[in-house]
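These protein sequence lines map, in sequence, to chains P and F. Everything in the first sequence is counted per the working numbering, starting at 296 for the first residue and increasing by one. Everything in the second sequence is counted per the working numbering, starting at 1154 for the first residue and increasing by one. These notes concern the structure reproduced below.
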Amino acid sequence: MSVQAIPKASTAASEPAADWDALAARARGVRRTKAVVLYAFLIAVSLPIILPYFWLVTIAFSARSGVAETAVLWRSMAVVVPAVVAFWLTAALAQSRRQLWIGIATVAAIAVFAFAVLVGPDLHVGNFIFLWEPDFASVVRSRIGEVKGAVQFPNVWHAFGNSILIAGAQTAIVVTVASLAAYYLSRFQFPGRSSMLRSLLVLHAFPVLTLIVPMFLMLYWIGLLDTLSGVILVLVAFELPFAIFIMKGFYDAVPWDIEMSALTDGASRRQAFVSVVLPQVRNGILAIAVFTFIRGWEEYIFVFTFLIRNSNWTMSLYMYWVRDDVMGVDYGVVSAVGVFYLVPSLILYMAAQRYLMQMSIGGVKG
Amino acid sequence: MAKIEFRNVVKRFGAIEVIPEMNLVIEDGEFVALLGPSGCGKSTSLFMLAGIYLPSGGELLFDGHVVNEVEARDRNVGIVFQSYALYPHMSVRDNILFPLRFKKTPRDEAFARVKAAADLVRVAELLERRPSELSGGQQQRVALARALVKEPQLLLLDEPLSNLDASLRLSMRTEIKSLHEQLGVTTVLVTHDQIEATTMADRIICMRAGRIEQVGTPDDLYLRPSSLFVAGFIGSPPINLIAGEAEAGTVTVNGARFPLEGGASGSVTVGLRPEHLRFGETGFAGRIAQIEPMGREILYVVETGMGAVRVLEQGSSAGHSTGEQVMIGFLPENSLVFETARQKLIAGAHVRAPE
């Protein structure tokens, strides 16, 4: 391979001709190594994330009272670990989208079949007894002959309803207040606006646990201790700053022109807000709604501190007491309650995933 | 249709006075352009007309009635924004229908008017689409339809062509002008582009730093600019401005002597438009430094004793090359003489090319 001498580049002429094939081979080698390292890393991090959830579900559907059996877990792991590795290998080796889908479908089919053979015979829904038997604690204990001392559990659907009520009411208030407040912060100039924005962030930085004693006293004096509305108010107060901040970012991204155009088109300020501005920030509203709802759904500290009567239990408290009462006896029931507790937030996340992804885009401008 | 009047209108934002004092009458059915560089207060004036900004002082009149405090929605003004400001979550039909929603127009009539407006700007086949699915030119038309559907008494256009590509700009220019002729609605165009202003408007209001520099027809501004600023702003390629001293019927510029007609003395600036300069046997001497072919015409940059001078020649009379020595002549009536200190045109003063 000859190199033509270019008058200006004197160094190029003096050096030996470059070996293009060797350079290409080296680049290929580097690319391969990088890919191998990347996929090894992906396999290594995805396993510890997937396994606990998988085991939770497996235990919920397979554990039996009084039997400490871990063989089924090892068998299920023998299905999942190769499946995860096979999934990433397929992703790494697939040459086209079509191959990728065929590969994933094959891996999934084999995994499902193996699961049905190895784990299938052990599956049952007996652990979900709490869904239809309010006094399940006594039933579970009686299986191993120890009946006395069981906690009186409320109906699980009652706790479920309380959780929905807390999360739903909190979401409704936060969404309403945040979308109005953020609009004002985004569009209007008023004294103390920038310091207010700064304090919003500081408020969010506050560890909420530090306030739990004063909050307890406050609720006690107001008379809202051991009421759902008291907890709702506290949760709203802690969630609002962040929600307002996120919403402000979304409003900032809506151009003034559109609003001015609506005003000259005959809309009042309020009509312009409702019919032109709000639809533009719909994704932001959905995002804060989902986050606030899930925050309320998984709330534990405040409900544990501020709610006392068992008719006021939420799912997290129910879960806590189930663990407290039957864990040593039957961890299958505990896992089943966990699965039951998990399902609504999982459904919500999956339904709203598209909008949550956009929050990071709209929100960073804040 | 409305006659618009600014009477001593002032606009301040906090301590900043954007428009010190504005007096202007726009006749019923007129097409005027507010022309000026960015930050000269032309958009502020437009938003005051629309009712989005309230004047800080003075009176704004529509047909003789003070409208200072009338809300934007009650002014019946159509506006087309630079960004078009279409409502992205609505179909084109709903966009055009939007102004009628608040007027409680009966449904059938509203749909008929949307159809008519869409036909007028030729977007009838796009009614079901979303704004994001339209090209820039189509969005522009939809914005026009939305502004026109409410049969406004005043149509405001805020830099309507600046986001379009060159050829589309040309056709939209013609289209907007013919729309105005067809509908006869009083129209105010805001632009920083002198070509847009001179091609579309009946009258141009040239603004600078919140003040009206000159009001006149495109010809007035081109042929008789009242100040150096207007002379420099109107015309492309820009006018040649040559500073000199006037004394006893002669303007002396760096040794070259231009015979002066009309009275002027002291420091003056001579304005010569590139398209009025001709290469010939007489005039002032120079050397061609650069040649810029512009299609039909060729722009020559000529180094002379008084600095670089731009000369625009018809392409057919080409045949000059870089480095060539040339003589530049012009007709006296095409020359402009400004008083340098006040930056104002000296009426009736002209210079002749040196013999």
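Backbone N, C-alpha and C define an ideal beta-carbon position, used for all residues, glycine too.
Non-local beta-carbon contacts of LEU460 (chain P) in its own chain, meaning distances under 7 angstroms to residues more than five positions away in sequence, involve LEU523 in chain order. Closest option to ILE1441 (chain F), judged by alpha-carbon separation, among F:VAL1421, F:GLY1408, F:GLY1476, F:PRO1378: F:GLY1476.
Close CB contacts of ALA1494 (chain F) within its chain, under the 8 angstroms cut and outside five residues either way in sequence, are with GLY1419, SER1420 (chain order). Sequence-ordered contacts of the segment 1241-1269 of chain F with chain P read PRO1241, HIS1242, MET1243, PHE1251, PRO1252, LEU1253, ARG1254, PHE1255, LYS1256 [C-beta pairs closer than 9 angstroms]. Exposure of ASN1176 (chain F) is indicated by the presence of fewer than 16 other C-beta atoms within 10 angstroms of its C-beta. Of all alpha-carbon atoms in F:ASN1248, F:ALA1506, F:GLN1496, F:LEU1239, the one lying nearest the alpha-carbon of LEU1484 (chain F) is that of F:ALA1506. Checking the DSSP bridge columns, you'll see ASP1311 (chain F) partnered with F:VAL1343.
Beta-bridge partners assigned by DSSP to ARG1463 (chain F): F:VAL1454.
Against chain F, the CB of MET555 (chain P) has a partner CB under 8 angstroms away; the residue lies at that interface. Annotation: PHE568 (chain P) is outside any beta strand (DSSP E) and is labelled neither H nor E by DSSP.
At a beta-carbon threshold of 8 angstroms, the residues of chain P lying near ILE1205 (chain F) are MET555, LEU558, THR559, ordered along the chain. Nearest CB-CB separation between ASP620 (chain P) and chain F: not below the 8 angstroms threshold. Sequence-ordered contacts of the segment 1221-1235 of chain F with chain P read ALA1225, ARG1226, VAL1230, ILE1232, PHE1234 [C-beta pairs closer than 7 angstroms]. Taking C-alpha positions only, TYR1240 (chain F) is separated from LYS329 (chain P) by approximately 47 angstroms.
Where GLU1334 (chain F) is concerned, the enclosing alpha helix (DSSP H) starts and stops at 1319-1336. DSSP lists F:GLY1439 as the bridge partner or partners of VAL1479 (chain F).
Within chain F, PHE1234, SER1236, ALA1238 have C-beta atoms less than 7 angstroms from the C-beta of ASP552 (chain P), given in sequence order.
Secondary structure note for VAL1295 (chain F): it is in no beta strand (DSSP E), and the uninterrupted alpha helix (DSSP H) holding it is 1289-1301. Flagged as an interface residue toward chain F: ALA562 (chain P), by a C-beta distance shorter than 8 angstroms. For PHE533 (chain P), same chain residues with a beta-carbon under 6 angstroms away, outside a window of 5 residues either side, are VAL503 in chain order. In this structure the segment 556-564 of chain P lies against the segment 1217-1235 of chain F, because at least three pairs of beta carbons, one per stretch, are closer than 8 angstroms.
Excluding five sequence positions before and after PRO1305 (chain F), the CB atoms of its chain that fall closer than 6 angstroms to its own CB belong to ASN1229, VAL1230, GLY1231, given in chain order. Taking C-beta atoms as the reference points, PRO1371 (chain F) and ILE1357 (chain F) count as a pair closer than 8 angstroms.
Pairing ARG326 (chain P) with ILE345 (chain P), the inter-Cα distance amounts to about 28 angstroms. Neighbours of VAL571 (chain P) across chain F, judged by C-beta separation under 7 angstroms: TYR1240. Close to chain F, meaning a Cβ-Cβ distance shorter than 9 angstroms, are the following residues of the segment 574-600 of chain P: PRO574, GLN575, ARG577. Judged by DSSP secondary structure, SER357 (chain P) falls within the alpha helix (DSSP H) whose first and last residues are 315-357.
Within chain F, the residues placing a beta-carbon under 8 angstroms from that of GLN566 (chain P) are PHE1255, ordered along the chain. For PRO1208 (chain F) and ARG1364 (chain F), the gap between their C-alpha atoms comes out near 15 angstroms. The segment 1311-1320 of chain F makes no contact with the segment 1267-1282 of chain F; the number of CB pairs closer than 8 angstroms stays below 3. The residue among F:MET1459, F:HIS1429, F:PRO1446, F:THR1422 with its C-alpha nearest the C-alpha of GLU1492 (chain F) is F:THR1422.
Residue pairing of ARG1364 (chain F) in beta bridges, as defined by DSSP: F:ARG1361.
When P:LEU520, P:VAL434, P:ALA454 are compared, the shortest CA-CA separation from ASP625 (chain P) is found for P:VAL434. According to the DSSP assignment, GLY1385 (chain F) belongs to the alpha helix (DSSP H) that extends over 1381-1386. The C-beta distance from ALA1155 (chain F) to PHE1215 (chain F) rounds to 5 angstroms, short enough to meet the 8 angstroms contact threshold. Taking all protein chains shown into account, TYR1453 (chain F) has 16 or more neighbouring C-beta atoms within 10 Å of its C-beta and is therefore buried.
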